[in-house]
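Working notes, structure below.
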Amino acid sequence: MAMLDAADFAYAIGYPLNLCIDINWSRTWVGDDPDGRILGRLMELSRKWLKPRYCEVFAQIAVRENPDGCPNTHILMHCPPAVLRGFKEQVRNVLDEECHGLNDRAVAFTRVGRGNPTLQATMGKLKYLCKGMDPEDAEEFGIDCGPQGWIYGKRASISQDIHRTARKRYAESAGH
Numbered sequence: 001m002a003m004l005d006a007a008d009f010a011y012a013i014g015y016p017l018n019l020c021i022d023i024n025w026s027r028t029w030v031g032d033d034p035d036g037r038i039l040g041r042l043m044e045l046s047r048k049w050l051k052p053r054y055c056e057v058f059a060q061i062a063v064r065e066n067p068d069g070c071p072n073t074h075i076l077m078h079c080p081p082a083v084l085r086g087f088k089e090q091v092r093n094v095l096d097e098e099c100h101g102l103n104d105r106a107v108a109f110t111r112v113g114r115g116n117p118t119l120q121a122t123m124g125k126l127k128y129l130c131k132g133m134d135p136e137d138a139e140e141f142g143i144d145c146g147p148q149g150w151i152y153g154k155r156a157s158i159s160q161d162i163h164r165t166a167r168k169r170y171a172e173s174a175g176h
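Heads up: the sequence shown begins at 1 in full-length UniProt numbering, then just goes up one per residue.
Quick look at the structure:
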């Protein structure tokens, strides 16, 4: 599965997905991001903020859900611990501006593996985020799944730096 492969690749090249950001859109003034425009803007600005700060690879996986009409997004990404505080502030500022306001519980940040982002911790979190996938695929990967509501547009996204094309390019350059 693409997301599991991307997370494995990020870990292997030294950019483990060490931060989970949960966005509860119903706690923002806009109430939802049905077309993913705000999420796209957040990812663009996050990449631009992180890349010059010791983060050559922008490693991010995002999953959108809408269980019981409560839209939310989960983002697993790499953020260097040294810039985590500033990055959290940047994310809140972007969302506050793009959503025209949000309450204190609209965004939650969790360090993967309680600060020890092992591959096992990352995969455990990612499998939870994949709970909205097709039941047949979920069974193959040992994922407990269930309906996660209707989503318009893409349910999941993977940053270019860890996507299939980047993984293929890396393997070719390393002679694998």
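The beta-carbon is built from N, C-alpha and C at its ideal position, and this holds for glycine as well.
(request) Name, in chain order, the residues that DSSP records as bridge partners for Ala156. (result) Position 156 of the sequence shown, counted from the start, is the residue given in the question as residue 156. Answer by DSSP bridge pairing, in chain order: Val63.
(request) Look at the Cβ atom of Ile162, then the Cβ atom of Ile21, and state whether they are nearer than 9 Å. (result) Position 162 of the sequence shown, counted from the first residue, corresponds to residue 162. Position 21 of the sequence shown, counted from the first residue, corresponds to residue 21. No; because the gap between Cβ atoms is not below 9 Å, this pair is not in contact.
(message) On the DSSP letters alone, give me the boundaries of the alpha helix (DSSP H) that Val94 sits inside.
(response) Walking along the sequence shown from the start, residue 94 turns up at place 94. Unbroken alpha helix (DSSP H) run through Val94: 84-98.
(message) Measuring only the C-alpha atoms, how far is Met1 from Met123?
(response) Here residue 1 refers to the residue found at position 1 when the sequence shown is read from its first residue. Here residue 123 refers to the residue found at position 123 when the sequence shown is read from its first residue. Looking at the two C-alpha atoms, the distance is approximately 12 Å.
(request) Check each candidate in His74, Asp8, Pro16 and name the one with the smallest Cα separation from Gly115. (result) Against the sequence shown, residue 115 aligns to sequence position 115. The candidate whose alpha carbon is nearest that of Gly115 is Pro16.
(request) Could you have a look at residue 178 and say whether DSSP puts it in helix, strand or coil? (result) Summary: the structure shown does not reach residue 178, with the chain confined to residues 1 through 176, and so no result is reported for it.
(request) Pair every Cβ in the region 76-84 with every Cβ in the region 49-60, then say whether three or more of these pairs are closer than 8 Å. (result) yes
(request) Grab me the residues of Val112's own chain with a C-beta within less than 8 Å of its C-beta, minus the 5 sequence neighbours each way, in chain order. (result) What you label residue 112 is simply residue 112 of the sequence shown in a count that begins at 1. These residues qualify, in order along the chain: Pro16, Leu17, Asn18, Leu19, Cys20, Leu76, Ala121, Thr122, Lys125.
(message) For Gly101 and Cys70, what's the separation of their Cα atoms in angstroms?
(response) Within the sequence shown, numbered from 1, the residue matching residue 101 stands at position 101. Within the sequence shown, numbered from 1, the residue matching residue 70 stands at position 70. For Gly101 and Cys70, the distance between alpha carbons rounds to 18 Å.
(message) Considering Cα atoms alone, identify which of Phe109, Cys79, Tyr128 is closest to Gly14.
(response) Within the sequence shown, residue 14 is the residue found at index 14, counting from 1. The shortest C-alpha separation from Gly14 is found at Cys79.
(request) Determine the burial state of Tyr11: buried for a count of at least 16 other Cβ atoms within 10 Å of its Cβ, exposed for fewer. (result) As a first step, residue 11 must be located in the sequence shown, where it is residue number 11. Answer is buried; the Cβ neighbour count reaches 16.
(request) Keeping to the same chain, check which residues put their C-beta closer than 6 Å to that of Ala106; ignore five residues upstream and five downstream. (result) Numbered from 1 along the sequence shown, position 106 holds the residue referred to as residue 106. Asn24, Arg27, Thr28.
(request) Assign Gly31 to buried or exposed, taking buried as 16 or more other Cβ atoms, counted over all protein chains shown, within 10 Å of its Cβ. (result) On the sequence shown, position 31 is the one that residue 31 refers to. It counts as exposed.
(message) My output table needs one value for Thr118: the three-state DSSP class, helix, strand or coil.
(response) Locating residue 118 in the sequence shown gives position 118, where the first residue counts as 1. In the structure shown, Thr118 sits in coil (DSSP, three-state: anything other than H, G, I, E or B).
(request) Classify Thr73 as buried or exposed, calling it buried when 16 or more other Cβ atoms lie within 10 Å of its own Cβ. (result) Here the question's residue 73 lines up with position 73 in the sequence shown. Buried.
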